[in-house]
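In this note's numbering, the protein residues as written are 2 to 293.
Presented below is the structure to which this report refers.
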Ligand SMILES: Nc1ncnc2c1ncn2[C@@H]1O[C@H](COP(=O)(O)OP(=O)(O)O)[C@@H](O)[C@H]1O
Ligand SMILES: [Mg+2]
């Protein structure tokens, strides 16, 4: 039995937690980054990193954030994961989940398909259409980079002139305009951590402003979430193909709205208030899955 951990930094907090959970169970592991992977076609080993053949020597891969890169690099990384998956290799998360979750439009589109409540959202490459939609969405919107994370680049706009400037800047750089009605959540939201078909931990994130990302300084507070919220979070995780997911739930005036599903979530903030050791839960889950 041996695990692989794909991580840019084995010393990063969540990766360290995974390593410690494996150490506790005396399970050997190897950490590596995507750029070190070598793919072979029509001869073997199909995938090698250092002297390790992924398919022959490893039993599972835990994939931490896939990282930034050029389109070419990212597509190549995904292609390798899909090939591994076709060979029957176990990965958490599976490539489909990673692919869905980098794309904010895809996330809410898939959630809507299964009736998970999401904010009214409009995405377009047209500045004029986006400006027309500004009032449709109540004249108070959040514009987010489709491929963003950690709240970076997300902007709240309630002035149409500013919207015009921002939309033009986005399309000038060949970005897609992605805008959402502002959900009045009172500067806090819920992060539910889903493994398989269970919410294993959750927290309330309390911020000084409207962005409640832990990485931006929001404070974790313990919370027990309702069965309804648990069900929504699990359904959301499944809808995007995740086996493990960090689901962001905003409580607005019209009920819960899911804004984000993270396929490679960190859990440093959550662990402070969680009752279980999250890395242990992940390792236990993977061991159980590969036994099947
Ligand atoms: N439609 C919205 N209305 C109000 N606040 C929002 C909305 N969408 C996102 N936010 C806030 O911004 C934060 C970051 O947005 P999110 O969609 O989770 O993207 P990411 O975390 O990947 O940057 C959320 O945690 C939430 O606090
Ligand atoms: Mg988020």
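Don't be surprised by glycine CBs; every beta carbon is placed ideally from N, CA and C.
1. For residue 263, which three-state DSSP category applies?
2. Counting only the same chain and skipping the five closest in sequence on each side, list residues whose C-beta sits under 7 Å from that of residue 104.
3. Taking the continuous beta strand (DSSP E) assigned at residue 251, which residues delimit it?
4. Only counting the same chain, and skipping five residues up and downstream in sequence, which positions put a Cβ closer than 7 Å to that of residue 222?
5. Report yes if the C-beta distance between residue 242 and residue 266 is below 8 Å; otherwise report no.
6. Assuming the contact rule is C-beta atoms closer than 8 Å, residue 164 and residue 183 should be a hit. Round their C-beta distance to whole Å, please.
7. Taking one C-beta from the segment 279-290 and one from the segment 16-27 each time, how about it: are there three or more such pairs within less than 8 Å?
8. What residue from 111, 110, 80 and 180 has the CA that sits closest to residue 96's CA?
9. What three-state label does DSSP hand residue 38 in the structure shown?
10. Going by DSSP, what residues sit across from residue 125 in a beta bridge?
11. Confirm, please, whether the CB-CB distance from residue 62 to residue 5 is below 8 Å.
12. Give me the DSSP bridge partner(s) of residue 32.
13. Assuming residue 249 and residue 185 are in contact, meaning their beta carbons sit under 8 Å apart, how far apart are those beta carbons, in whole angstroms?
14. Residue 136 CB to nearest chain B CB: under 8 Å?
15. Give the C-beta separation of residue 65 and residue 15 to the nearest angstrom, bearing in mind that I take them to be a contact with Cβ-Cβ under 8 Å.
16. What are the boundary residues of the beta strand (DSSP E) that residue 306 is part of?
17. In the DSSP assignment, what residue or residues form a beta bridge with residue 156?
18. What residues in its chain sit with their C-beta under 8 Å from that of residue 225, if we drop five residues either side in the sequence?
19. Give a single yes or no on whether residue 150 has its beta carbon closer than 7 Å to a heavy atom of ligand 1.
The short version:
1. DSSP, read as helix, strand or coil, puts residue 263 in strand.
2. Same-chain partners within the cutoff: 147 and 148.
3. In the DSSP annotation of this structure, the continuous segment of the beta strand (DSSP E) that includes residue 251 starts and ends at 245-253.
4. Shown here for residue 222: same chain residues with a beta carbon closer than 7 Å to its own, the five before and five after excluded, namely 204, 205, 207 and 274 in chain order.
5. No.
6. Not quite, the Cβ-Cβ distance comes to about 12 Å (not below 8 Å), so this is no contact.
7. Touching, per the Cβ criterion.
8. Residue 80 is the option with its Cα nearest to residue 96.
9. The three-state secondary structure of residue 38, taken from DSSP, is coil.
10. DSSP output for residue 125 lists 178 as bridge partner(s).
11. Taking 8 Å as the Cβ cut-off, residue 5 and residue 62 qualify as a contacting pair.
12. Beta bridge pairing from DSSP links residue 32 with 6.
13. Not quite, the Cβ-Cβ distance comes to about 15 Å (not below 8 Å), so this is no contact.
14. Of the protein chains in the structure, only one exists, and it is not chain B.
15. Indeed, because the Cβ distance is near 7 Å, the residues count as touching under 8 Å.
16. Since the first and last residues shown for the chain are 2 and 293, residue 306 lies out of range.
17. In DSSP, residue 156 forms a bridge with 144.
18. Closer than 8 Å at the Cβ level, and outside the excluded window around residue 225, lie 203.
19. Yes, ligand 1 has a heavy atom inside 7 Å of this Cβ.
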